[in-house]
Amino acid sequence: MLFNSIEFAIFLPITFILYWLVFNRNLKLQNAFIVAVSYLFYGWWDWRFLILIAFTTFCSYTSGLLIDKANRKSQSKKAKIISAANITINLLILGVFKYYNFFVSSLADAFSAFGITLGTTTLNIILPVGISFYTFQALSYSIDVYRRKIEASHDIIAFFAFVSFFPQLVAGPIERATNLLPQFTQKRSFDYSTAVDGCRQILWGLFKKIVVADNCATTCNQIFATYADQPASMLMVGALLFTFQIYGDFSGYSDIAIGTAKLFGIKLMRNFNIPYFSRDIAEFWRRWHISLTTWFRDYIYIPLGGSRVSKAKVVRNTLIIFLLSGLWHGANWTFVVWGAYHALLFLPLILLGKNRKYTSTIAEGKHFPSIKEFAMMLTTFLLVVVGWIFFRAETIGDAWHYICRLCSLNIFKASYLFFTSTKNFAGVFVIVMLAIEWWQRSKEHGLGELQTSLKRPIFRYLLYFFLFFSILAFQPIDTTKFLYFQF
Amino acid sequence: MRKFLTKTILTLVLLTILYIPTYCVMFMLMDAIKEPPPESIRTTEIKFNEIDEYKDIDILFVGSSHSSRSFDPRIFSQHNMKTFNIGTSSQTCMQSWFIIDRYIDSLNPKCVIIDLYPDLMNTYGEESAIDFITSDFDHDLAVWEWTKLKMAVCTKNTNVINKLIYRAFRRYILHHQNPRQTFTGNEITICQDKYIRSGFVEKSMEYYDLKPDYRIDTTCRCNAMQLMFLNKTVKLLKMRGINYLLVEAPVPSVLYKSYDNHDQYSAKISEYGTFIDYNTRLTLNDSLDFCDSHHMNQNGVVKYDSLLINDLYEMDYIKRK
Numbered sequence: 008m009l010f011n012s013i014e015f016a017i018f019l020p021i022t023f024i025l026y027w028l029v030f031n032r033n034l035k036l037q038n039a040f041i042v043a044v045s046y047l048f049y050g051w052w053d054w055r056f057l058i059l060i061a062f063t064t065f066c067s068y069t070s071g072l073l074i075d076k077a078n079r080k081s082q083s084k085k086a087k088i089i090s091a092a093n094i095t096i097n098l099l100i101l102g103v104f105k106y107y108n109f110f111v112s113s114l115a116d117a118f119s120a121f122g123i124t125l126g127t128t129t130l131n132i133i134l135p136v137g138i139s140f141y142t143f144q145a146l147s148y149s150i151d152v153y154r155r156k157i158e159a160s161h162d163i164i165a166f167f168a169f170v171s172f173f174p175q176l177v178a179g180p181i182e183r184a185t186n187l188l189p190q191f192t193q194k195r196s197f198d199y200s201t202a203v204d205g206c207r208q209i210l211w212g213l214f215k216k217i218v219v220a221d222n223c224a225t226t227c228n229q230i231f232a233t234y235a236d237q238p239a240s241m242l243m244v245g246a247l248l249f250t251f252q253i254y255g256d257f258s259g260y261s262d263i264a265i266g267t268a269k270l271f272g273i274k275l276m277r278n279f280n281i282p283y284f285s286r287d288i289a290e291f292w293r294r295w296h297i298s299l300t301t302w303f304r305d306y307i308y309i310p311l312g313g314s315r316v317s318k319a320k321v322v323r324n325t326l327i328i329f330l331l332s333g334l335w336h337g338a339n340w341t342f343v344v345w346g347a348y349h350a351l352l353f354l355p356l357i358l359l360g361k362n363r364k365y366t367s368t369i370a371e372g373k374h375f376p377s378i379k380e381f382a383m384m385l386t387t388f389l390l391v392v393v394g395w396i397f398f399r400a401e402t403i404g405d406a407w408h409y410i411c412r413l414c415s416l417n418i419f420k421a422s423y424l425f426f427t428s429t430k431n432f433a434g435v436f437v438i439v440m441l442a443i444e445w446w447q448r449s450k451e452h453g454l455g456e457l458q459t460s461l462k463r464p465i466f467r468y469l470l471y472f473f474l475f476f477s478i479l480a481f482q483p484i485d486t487t488k489f490l491y492f493q494f
Numbered sequence: 008m009r010k011f012l013t014k015t016i017l018t019l020v021l022l023t024i025l026y027i028p029t030y031c032v033m034f035m036l037m038d039a040i041k042e043p044p045p046e047s048i049r050t051t052e053i054k055f056n057e058i059d060e061y062k063d064i065d066i067l068f069v070g071s072s073h074s075s076r077s078f079d080p081r082i083f084s085q086h087n088m089k090t091f092n093i094g095t096s097s098q099t100c101m102q103s104w105f106i107i108d109r110y111i112d113s114l115n116p117k118c119v120i121i122d123l124y125p126d127l128m129n130t131y132g133e134e135s136a137i138d139f140i141t142s143d144f145d146h147d148l149a150v151w152e153w154t155k156l157k158m159a160v161c162t163k164n165t166n167v168i169n170k171l172i173y174r175a176f177r178r179y180i181l182h183h184q185n186p187r188q189t190f191t192g193n194e195i196t197i198c199q200d201k202y203i204r205s206g207f208v209e210k211s212m213e214y215y216d217l218k219p220d221y222r223i224d225t226t227c228r229c230n231a232m233q234l235m236f237l238n239k240t241v242k243l244l245k246m247r248g249i250n251y252l253l254v255e256a257p258v259p260s261v262l263y264k265s266y267d268n269h270d271q272y273s274a275k276i277s278e279y280g281t282f283i284d285y286n287t288r289l290t291l292n293d294s295l296d297f298c299d300s301h302h303m304n305q306n307g308v309v310k311y312d313s314l315l316i317n318d319l320y321e322m323d324y325i326k327r328k
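What follows is the structure in structure tokens.
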């Protein structure tokens, strides 16, 4: 079920009313209801893959109990084996469904370069929606139990609710058990202001997805499909549109997910923090897909030694997490190159010890950034745009040709697509989104704490109406699915 | 909780009430400043204003532009067959069902040819629904308005519903209608196309330069809604004892080869009746027999229709006169 579908518009209010008015007297019943509606939400896409989620959840739950038991008896070796077994099972499932075909065909390609033909067999399977998200979430739990950061859950229903909680099941944020699991073991009560804030965040997320991302996608897809015939100016437009499409799409999803969770009295972690206003690449990575970045930091980078090792190892560790992050996004070399590109931009900062230079809100207390800050933001933004070309292209060759054509002299030549792109107002909506995010940059989301930013209700309602109107009136005919579902 | 629910419902109601007039006024102003739509989109209007002249036909063609640009009534009339081509731009099984259901009694066809273009089987018919909504038909207004509403609801697309609201506003508040297209004789030229009486749209181009890499690999998928409407259509035709044939019109080889699972698609469609994929029966030249990346020119149409007529005779769907 998609957040921007009529089915979800019916599903959400029914679920919300039943959750608070029928199932609120008993915590276990309320959690069981969450599991049931989450499985319905996921099964709407393909019910067969419910077995896969249930299996992943059950493995992590059982391994958590066994690790906890071994830890209590100080059998650290046994705990290590169980933890490793659980990680292996989860990664194996992920590997088969997501990476098997990619590795097999890459291996065959590598051998064919030397004139050797391998008789390989690829699998004709569908990639289960959100498999990377819920697998990582389940993995974090068993690792945390092994590290004694949390105690194993004995409440199987609460645990199933933690893994399958529908707002964040298919595209994150990738929650940690330390944050989300305790919320399912405590009595939840309805809070008016949290629910109102949740509604505002959903509205803001829908605007970013339907109005910004989908309108950008319409022209962007045409440009990328015909890039060989487009002048450099249009390739620039295409790269910029994809930059805002992926941001609007993914951060929009996260906003809807976080907002929906608030309606159910659950607080999810923030996933995006105005990343395109970053002053360097390190700051960008602290603001982009925060739940995944911190996952890699906590479960791979720090165990490898982080930055408190020799410089050679810092380089190794940085490369590992960026390459893995690229590969996490998809089984294609383009994602690996995208990860490597960001690693190359990040490495100088970490080696010079400047990777945590900018941690505060940009231009705090001021209306506009200084010229220096603006130049830094623009440079970082343009570097990120180049990276997105690799991310969006079908092959590395396509990305390279795209960039080569982008650097050609016909940068001032327009094509018919430029006029198409002006018709759907994508550029106008991008500016509106950036303006609102800049204005609200110290808040949790674009409409966060709106009563303090816009004190007079009439202005708040005018803003709601503008967003509501844009969502209904400017939705392209061919609405795209959420991009991050494929990851 | 009660306060939250009351305020949320009131806000949504207020926003919706404000939305409808704002949308209509805004798009009315935008309509006033932008260029009028190209005449080519009016073929649907012309076709459905013409349809009432036809009764007791031999063959009815339904489907997308692959139907309206493929079945030439002049070729069929050489075999003494009375036909009507009701294919319209991007028409899907959903629209075909509504049309067949509406006209089956008056047209009373002996045979129905349903063209199924794979790319449309996984859509919700939004483009075609908009085509119908923006067309003004000069007969059976109430029936058409009801059909348009049903089509819009089936698409579950806000954009389509917006168009419906705006069209109702233009027609019933502003009393504005598309100017009636006068049509005398057997054909009318619309932009680069020629509309031939009985629903055929002809484009004569002798050579088309098709780029070999214009299309990326695609997987054919049929969504549940389209299959449901196909099933309803087939049931209706069976119930009335009308022969029907499911076909896929020839497309340029580059387009056809881009489908990576066409066999599966053919097998799925065959579950609903006899299905003939004419891409496997007819070898056409991408440049000499097509006028664009999708449709045949008159050379291709003549070859295709001749083969289809032959098949209809052989399968005994139509008796030789």
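Chain order of the listed sequences is A and B.
Note that the numbering used here numbers the first sequence so that position 74 is 81, with each residue one more than the last.
Note that the numbering used here numbers the second sequence so that position 249 is 256, with each residue one more than the last.
The beta carbon of each residue, even a glycine, is placed where N, CA and C say it ideally should be.
Note that the structure is a prediction, hence the values are computed from the model and not measured.
Rounded C-alpha distance that separates A/Asn228 from A/Phe342: 18 Å
Let me know if A/Cys414 comes out buried or exposed under the rule of 16 or more other beta-carbons within 10 Å of its beta-carbon. exposed
Which residue's Cα is closest to the Cα of A/Asp236: A/His408, A/Phe40 and A/Asp305? A/His408
With a 10 Å radius around its C-beta and 16 neighbouring C-beta atoms as the bar for buried, classify A/Asn324 as buried or exposed. buried
Quick check: the Cα distance between A/Phe48 and B/Tyr324, rounded to an integer number of angstroms? 47 Å
Along the chain, where does the beta strand (DSSP E) containing B/Ile66 start, and where does it finish? Ile66 to Val69
Nearest candidate by alpha-carbon position, reference A/Gly259, set A/Ile273, A/Ile307, A/Phe291 and A/Met440: A/Met440
Does DSSP classify B/Asn306 as helix, strand or coil? helix
Considering A/Glu456, what are the terminal residues of the beta strand (DSSP E) in which it resides? Where A/Glu456 is concerned, there is no enclosing beta strand (DSSP E), given that its DSSP letter is neither H nor E.
A/Pro483 burial status per 10 Å Cβ neighbour count (16 or more: buried): buried
Assuming A/Asn38 contacts A/Ser67 (C-beta within less than 8 Å), just tell me the rounded distance between them. About 17 Å; that fails the 8 Å criterion.
Who does B/Glu152 pair with in a DSSP beta bridge? According to DSSP, B/Glu152 bridges with nothing at all.
Leaving out five residues before and five after B/Ser47 in sequence, what residues of the same chain have Cβ atoms less than 7 Å from its Cβ? Confidence in B/Ser47 is poor, its pLDDT being 48 and thus under 50, which makes the residue's placement too unreliable to answer from.
Run down chain E in chain order and give the residues with a C-beta less than 7 Å from the C-beta of A/Trp27. The structure shown has no chain E; the protein chains it does contain are A and B.
Kindly indicate if chain B contains any beta-carbon less than 9 Å away from that of A/Pro310. no
Taking the continuous beta strand (DSSP E) assigned at A/Asn186, which residues delimit it? Looking at the DSSP string, A/Asn186 is not in any beta strand (DSSP E); the run it does join, the alpha helix (DSSP H), is Ala184 to Thr192.
Roughly how many angstroms lie between the CA atoms of A/Pro376 and A/Trp446, to the nearest whole one? 12 Å
Considering just the uninterrupted stretch of the alpha helix (DSSP H) at B/Asn166, what are its terminal residues? Thr165 to Ala175
Determine the direct distance from the alpha carbon of B/Phe282 to that of B/Ile249, and round the result to whole angstroms. 16 Å
Cross-chain neighbours of A/Gln252 in chain B, by beta carbon under 7 Å: In chain order: nothing, as chain B lies at least about 18 Å away.
Below 9 Å between beta carbons: does that hold for B/Ser72 and B/Val208? yes
Residue environment, B/Thr23, which counts as buried when at least 16 other CB atoms sit within 10 Å: exposed
Can you give me the start and stop residues for the beta strand (DSSP E) that B/Cys118 sits inside? Cys118 to Asp122
Closer than 8 Å is the cut-off here; do at least three beta carbon pairs connect the segment 462 to 473 of chain A with the segment 295 to 310 of chain A? no
Return no unless some Cβ of chain B is closer than 9 Å to the Cβ of A/Cys223. no
If we define contact as Cβ-Cβ less than 9 Å, is A/Ala499 a contact residue for chain B? The requested residue 499 of chain A is not part of the displayed model; chain A covers only 8 to 494.
So the candidates are B/Phe34, B/Ile82 and B/Asn92; which of them puts its Cα closest to the Cα of B/Gly206? B/Asn92
I need the straight-line Cα distance from B/Ser265 to B/Thr225, nearest angstrom please. 6 Å
How long is the line joining the alpha carbons of A/Phe104 and B/Gln184, rounded to whole angstroms? 55 Å
Are A/Met243 and A/Arg183 touching if we call contact CB-CB under 9 Å? no
Can you tell me where the alpha helix (DSSP H) with B/Asn238 in it begins and where it stops? Ala231 to Met246
State the beta-bridge partners of B/Thr196 as determined by DSSP. B/Lys201
List the residues of chain A whose Cβ lies closer than 9 Å to the Cβ of B/Thr29, in chain order. Phe472, Phe476 and Ala480
By Cβ distance below 6 Å, which residues in the same chain neighbour B/Arg9 in space, the five residues on each side in sequence not counted? none
Does B/Met158 get closer than 9 Å to chain A when you measure Cβ to Cβ? no
In three-state DSSP terms, what is B/Ser47? Only weak support is given to the placement of B/Ser47: the predicted model assigns it a pLDDT of 48, under 50, and the value that follows is read from those uncertain coordinates. In the structure shown, B/Ser47 sits in a helix (DSSP, three-state: H, G or I).
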